[in-house]
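See below for the structure under consideration.
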Amino acid sequence: MSGKINLLVLLGAPGSGKGTVAQHLAERYDICYFSTGNLLRNEVKEKTDLGRKVEAILEAGNLVGDDVMNEMVKTNIEKVAASGKVILLDGYPRTKNQAEVLDKVAAADSIRVIELDVDADEVVARISKRRVCAKCGATYGPMDKAEVCSCGGELIKRTDDEESVVRNRLNTYKEKTLPVSAYYSDRIIKICGKGTPEEVARKVNDCLRGLGIEKRR
Ligand SMILES: [Zn+2]
Numbered sequence: 010m011s012g013k014i015n016l017l018v019l020l021g022a023p024g025s026g027k028g029t030v031a032q033h034l035a036e037r038y039d040i041c042y043f044s045t046g047n048l049l050r051n052e053v054k055e056k057t058d059l060g061r062k063v064e065a066i067l068e069a070g071n072l073v074g075d076d077v078m079n080e081m082v083k084t085n086i087e088k089v090a091a092s093g094k095v096i097l098l099d100g101y102p103r104t105k106n107q108a109e110v111l112d113k114v115a116a117a118d119s120i121r122v123i124e125l126d127v128d129a130d131e132v133v134a135r136i137s138k139r140r141v142c143a144k145c146g147a148t149y150g151p152m153d154k155a156e157v158c159s160c161g162g163e164l165i166k167r168t169d170d171e172e173s174v175v176r177n178r179l180n181t182y183k184e185k186t187l188p189v190s191a192y193y194s195d196r197i198i199k200i201c202g203k204g205t206p207e208e209v210a211r212k213v214n215d216c217l218r219g220l221g222i223e224k225r226r
């Protein structure tokens with residue numbers, strides 16, 4: 010039988026609404042949200058041993074490899090493990106190797122994976138409505154009716170939000186993520202990411218309730 014779930018992995022293609030779901034979870038639940046992007050920036054900022062290593066890698070124009078990623082995630086998980094808080098991982102594991110390492114850091118049966126499932130057409134429709142500010146870079150989602158940015162800048166479409174680019178990005182994501190979702194086949198929960206953010210949030214809440222994770226009081 011499975012025991013307490015204390016680690017959630019969030020998977021979702023670019024444009025699947027993963028960022029919105031992560032934000033919802035971080036606000037409504039008493040969880041510890043770890044996105045690899047934030048963790049990396051934090052290590053660099055705090056000038057930890059790992060941070061210095063990361064900085065050197067990035068300065069050389071290289072990608073942060075599995076070893077550094079594994080070490081960074083492990084260190085951060087261990088830091089909060091004693092609190093008993095549920096951890097939400099975003100951006101990790103990206104490879105089967107990382108998933109295997111994670112199973113050694115946390116008990117395999119305490120890990121569940123939530124995958125936001127949206128079809129390519131939906132993502133294309135969403136992203137094609139997305140705009141960014143030419144001045145400050147702020148993103149405006151498909152629901153946002155603003156005509157100019159709050160900073161006064163012009164809202165434009167990014168060239169990498171064009172349909173062919175988006176479809177390419179989705180294919181790449183699928184290819185890369187397939188080994189990870191296959192690895193988790195018996196621990197993965199797929200949530201349909203179609204619908205409004207509120208509709209998706211409701212499905213996510215149902216899912217967490219099913220896992221015995223309660224909302225923040
Ligand atoms: Zn702006």
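If you read the sequence shown in the working numbering, its first letter stands for residue 10, the second for the next number, and so on. Glycine residues also receive a C-beta, built at the ideal position from the N, C-alpha and C atoms. Because the structure is a prediction, the values reported are computed rather than measured.
Excluding sequence positions up to five before and after Ala116, its CB lies within less than 8 Å of the CB of Gly12, all in the same chain and listed in chain order. Remark: C-beta atoms of Arg121 and Ile200 do not approach each other more closely than 9 Å. Taking 4 residues as the shortest admissible run, the region 49-130 contains the following complete alpha helix (DSSP H) segments, listed from N- to C-terminal end: 58-68, 75-90 and 105-114. Judged by DSSP secondary structure, Tyr182 falls within the alpha helix (DSSP H) whose first and last residues are Glu172 to Tyr192. Per the C-alpha coordinates, the member of Met81, Ser137, Thr168 and Ala90 positioned closest to Ile40 is Ala90. For Lys27, the enclosing alpha helix (DSSP H) stretches over residues Lys27 to Arg37. Its Cα nearest to that of Met78, the residue Arg50 stands out among Arg50, Leu125, Glu55 and Gly204. If you ignore the 5 residues before and after Val141, its C-beta comes within less than 6 Å of the C-beta of Thr148 and Arg167, all in its own chain and listed in chain order.
Straight across, the Cα-Cα distance linking Asn180 with Leu72 is about 20 Å.
About 14 Å separates the Cβ atoms of Glu124 and Leu34, ruling out a contact at the 8 Å cut-off. In chain order, the residues with a C-beta atom nearer than 5 Å to some heavy atom of ligand 1 are Cys142, Lys144, Cys145, Ala147, Cys158, Cys160 and Gly162. Shown here, Leu217 sits in a helix according to DSSP, grouped into three states. With distances taken between CA atoms, Asp75 lies nearest to Val63 out of Ile86, Val63 and Ala69. A Cβ-Cβ separation of about 5 Å places Asp170 in contact with Ile136 under the 8 Å criterion. For Arg140, the uninterrupted beta strand (DSSP E) run begins and ends at Arg140 to Cys142, by DSSP. In the DSSP assignment, Ser159 falls outside any beta strand (DSSP E) and carries neither an H nor an E.
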